[in-house]
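Under numbering that gives the first Met the number 0, the letters of the sequence shown match residues 0 to 517, in that order.
Virtual Cβ for every residue (Gly too), placed ideally from N, Cα, C.
Quantities reported herein were computed from a predicted structural model and do not represent experimental measurements.
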Amino acid sequence: MAFVVQILSLQPMPKKVRVRFAPSPTGGLHLGGVRTVLYNYLFAKHHGGDFIVRIEDTDQTRFVPGAEQYIFDCLQWCGLIPDESPVHGGAYGPYRQSERKEIYRQFAEQLVKNENAYYAFDTPEELEQMRNNFKTEQNPSPQYDIHVREKMKNSLTLAADEVQKLLADGARHVIRIKMPQGETVSFTDMIRGEISNETSLVDDKVLLKADGMPTYHLAVVVDDYLMKITHAFRGEEWLPSAPVHVLLWKYLFGLENMPQWAHLPLILGPGGKLSKRDGAKYGFPVFAMNWTDPKTNELTEGFREKGFLPEAFVNLLALLGWNEGTEQELYTKEELIQKFSIDRVHKGGAKFDYEKAKWFNHEWIKKLTVDSLQLTVKEILIAKGMEISDDAVLTKVIGLVKDRCTLLPDFYEQAGFFFQTPTQWDVDAAKPKWNEDKKKFFEEFALKLAGIGNWELGELENVFKILATEKNIKPGELQLPLRIMLVGGKFGPPVFQIAEILGQSETVFRINKALEVF
Ligand code: GLU
């Protein structure tokens, strides 16, 4: 007989919304992971709820030192601060599954007692043998499931006293779920609608491992229950596990308070599912921040180090899979909180476009005030060896160049010359129209500048124009060499604004210095 678990429509929200991001600390946090955090966060905050971070570190073999700290650093950088976590505390801790080990066994034992799970004593060799014995062309990698379990060494096949003896002797064993035969498990996914699975097609997953640690399947259900999670957002790669989780909810808690699930679409790169390798291949970051694999020392570049603003990163991630249905593309975090709704999250994979990501950053650099960029830009320039002795000058410089910057390191390209006298000049660019008259003009111009009493834009332009007219040279032909003298190359904001900020003695000094090489 088929049993159907159905939550027919999305439930209203009578209780306080509690969502969780539940990463396994196994490496860098990739775009998709941060987007999962973001959707959790936005949903929680939109509904005035709590955002919880739970560290799912029960797989000791996959433990990577530094990965947990890295996750919290990323959240900090993005401004997605948890209400509860191993770092932030909370009433439902501990929030690291490895510290909750004692909790899980009783639930696993309860499942065995109620015949929804069983002890399995098979050794790794026996499992290997099973895979060889049951392998067919149609089924090249047989699983421990309804068809196989009868032939294996477990509490379903062994006599009760034998099982008791093995347990008493401390024989290595796991606990597996006993997937029922011929049932349909259905649930309503907030993004995908009704999802149904035939139980006979799902294997008897291990719930408690031989080392006493739960697997993800048991731990996620127990912890979502104990932590009163109301909505569970996770990547769509977890869809195949959902029937196991729904069954565990039924067996352990009678489905009461089961969270509503939402399986988020994949983020696609140029070659399908966006992978860490794509970054290296296509030259864009895939992780939120730089991540160095402690085993291989391999560095994977992050959006932060590439020069993305957290505001832009959060904004672009929000739109990778969600839109409000309007033309608006730039959103602050507060606006996202206000407008985010799960029914506008798409089912289909979201394509990541690096050019578009850069566009977001450029727009955000333009949008942010000089004040809010000041510290970040100062750090970038100092890291490049510049000396910033006057913050007021930096403020003016940022205001002048920010609209020309796409990534944060562009501030160095666009503004480094304000703080460092050029040592090289793009003389070739000025050469075609360079002559003795122009040289004389600049010698005289430098002298005139040195005599100006009131160093301000209008005055500089005046001196320049009057002298050009006197010398009968078109001002347009003088501006390029002047720019190259002050900047080193043919770029940057309006040249007199540059001179105004550089100040009198530095401007005069640069013109004279450049004249030596011109
Ligand atoms: N630990 C799982 C992961 O790292 C979490 C999946 C879930 O949110 O249920 O993807």
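Helix, strand or coil at residue i [DSSP, three-state]
{"i": "Thr-214", "result": "coil"}
{"i": "Lys-272", "result": "strand"}
{"i": "Ile-379", "result": "helix"}
{"i": "Lys-464", "result": "helix"}
{"i": "Arg-53", "result": "coil"}
{"i": "Lys-305", "result": "helix"}
{"i": "Ala-231", "result": "strand"}
{"i": "Ala-428", "result": "helix"}
{"i": "Asn-289", "result": "coil"}
{"i": "Glu-83", "result": "strand"}
{"i": "Asn-511", "result": "helix"}
{"i": "Trp-363", "result": "helix"}
{"i": "Gln-44", "result": "Here the sequence assigns Lys to residue 44, which means Gln is not the residue at that position. Of the three classes helix, strand and coil, the one that applies to Lys-44 here is helix, per DSSP."}
{"i": "Thr-187", "result": "strand"}
{"i": "Gln-259", "result": "strand"}
{"i": "Ala-349", "result": "strand"}
{"i": "Asn-153", "result": "strand"}
{"i": "Gln-5", "result": "Annotation note: pLDDT 42 at Gln-5 (below 50); position unreliable, no value reported."}
{"i": "Gly-457", "result": "helix"}
{"i": "Val-201", "result": "coil"}
{"i": "His-146", "result": "coil"}
{"i": "Ile-266", "result": "strand"}
{"i": "Gly-32", "result": "helix"}
{"i": "Ile-529", "result": "Given that the chain is displayed from residue 0 to residue 517, the structure contains no residue 529 and the question cannot be resolved."}
{"i": "Lys-15", "result": "coil"}
{"i": "Arg-343", "result": "helix"}
{"i": "Gly-88", "result": "strand"}
{"i": "Arg-171", "result": "coil"}
{"i": "Phe-20", "result": "strand"}
{"i": "Leu-238", "result": "helix"}
{"i": "Leu-319", "result": "coil"}
Residues near residue i in its chain [Cβ-Cβ closer than 7 angstroms; skip 5 each side]
{"i": "Ile-497", "result": "Leu-485, Val-486, Gly-491"}
{"i": "Lys-275", "result": "His-29, Val-285, Thr-299"}
{"i": "Glu-458", "result": "Ile-451"}
{"i": "Phe-71", "result": "Val-86"}
{"i": "Ala-158", "result": "none"}
{"i": "Glu-515", "result": "none"}
{"i": "Gln-478", "result": "Val-494"}
{"i": "Ser-84", "result": "Ile-51, Val-52, Tyr-94"}
{"i": "Leu-564", "result": "Residue 564 is absent from the model: the chain starts at 0 and stops at 517."}
{"i": "Ser-97", "result": "Asp-56, Thr-57"}
6 angstroms CB neighbourhood of residue i in its chain, flanking five on each side removed
{"i": "Lys-15", "result": "Gly-48"}
{"i": "Val-36", "result": "Phe-20, Leu-79"}
{"i": "Pro-258", "result": "Asp-223, Ile-228, Thr-229, His-230, Ala-231"}
{"i": "Met-151", "result": "Asp-121"}
{"i": "Lys-350", "result": "Leu-267"}
{"i": "Phe-312", "result": "Phe-302"}
{"i": "Arg-482", "result": "Val-494"}
{"i": "Val-369", "result": "Thr-394, Ile-397, Gly-398"}
{"i": "Tyr-143", "result": "Asp-202, Asp-203"}
Residues of its chain near residue i, where Cβ-Cβ distance is below 8 angstroms and the 5 sequence neighbours each way are ignored
{"i": "Val-243", "result": "Ile-176, Met-178, Val-201, Lys-204, His-216"}
{"i": "Trp-237", "result": "His-262"}
{"i": "Arg-509", "result": "Thr-420, Pro-421, Met-484, Leu-485, Leu-501"}
{"i": "Trp-321", "result": "Tyr-38, Phe-339, Arg-343, Val-344, His-345"}
{"i": "Phe-149", "result": "Sequence inspection shows Glu at residue 149; the Phe mentioned does not correspond to that position. Taken in chain order, the residues that qualify are Leu-155, Thr-156."}
{"i": "Lys-44", "result": "Phe-50, Ile-336"}
Residue i - containing alpha helix (DSSP H), residue span
{"i": "Thr-331", "result": "Thr-331 -> no alpha helix (DSSP H), and no H or E assigned at all."}
{"i": "Gln-59", "result": "Careful: Gln-59 lies outside any alpha helix (DSSP H) and carries neither H nor E."}
{"i": "Thr-295", "result": "Per DSSP, Thr-295 belongs to no alpha helix (DSSP H) and is neither H nor E."}
{"i": "Lys-483", "result": "Note that residue 483 corresponds to Ile in the displayed sequence, not to Lys. Per DSSP, Ile-483 belongs to the alpha helix (DSSP H) from 474 to 486."}
{"i": "Glu-70", "result": "As written in the sequence, residue 70 is Ile, which differs from the Glu given in the question. Run containing Ile-70: 66 to 77, per the alpha helix (DSSP H) assignment."}
{"i": "Phe-495", "result": "494 to 501"}
{"i": "Phe-441", "result": "435 to 450"}
{"i": "Trp-248", "result": "241 to 252"}
Beta strand (DSSP E) segment containing residue i, residue limits
{"i": "Asp-197", "result": "Correcting the residue type first, residue 197 is Glu in the shown sequence and not Asp. 192 to 197 is the span of the beta strand (DSSP E), which, as asked, contains Glu-197."}
Inset, instruction - Tell me the start and end of each unbroken beta strand (DSSP E) in the segment 103 to 135 that is at least 3 residues and wholly inside, in chain order. - result: Taking only runs of at least 3 residues, the beta strand (DSSP E) segments lying wholly in the segment 103 to 135 are 116 to 119.
Legend entry - Every unbroken alpha helix (DSSP H) within the segment 372 to 425, with a cutoff of 4 residues, ordered by chain: List check, alpha helix (DSSP H) in window: 390 to 400, 409 to 418.
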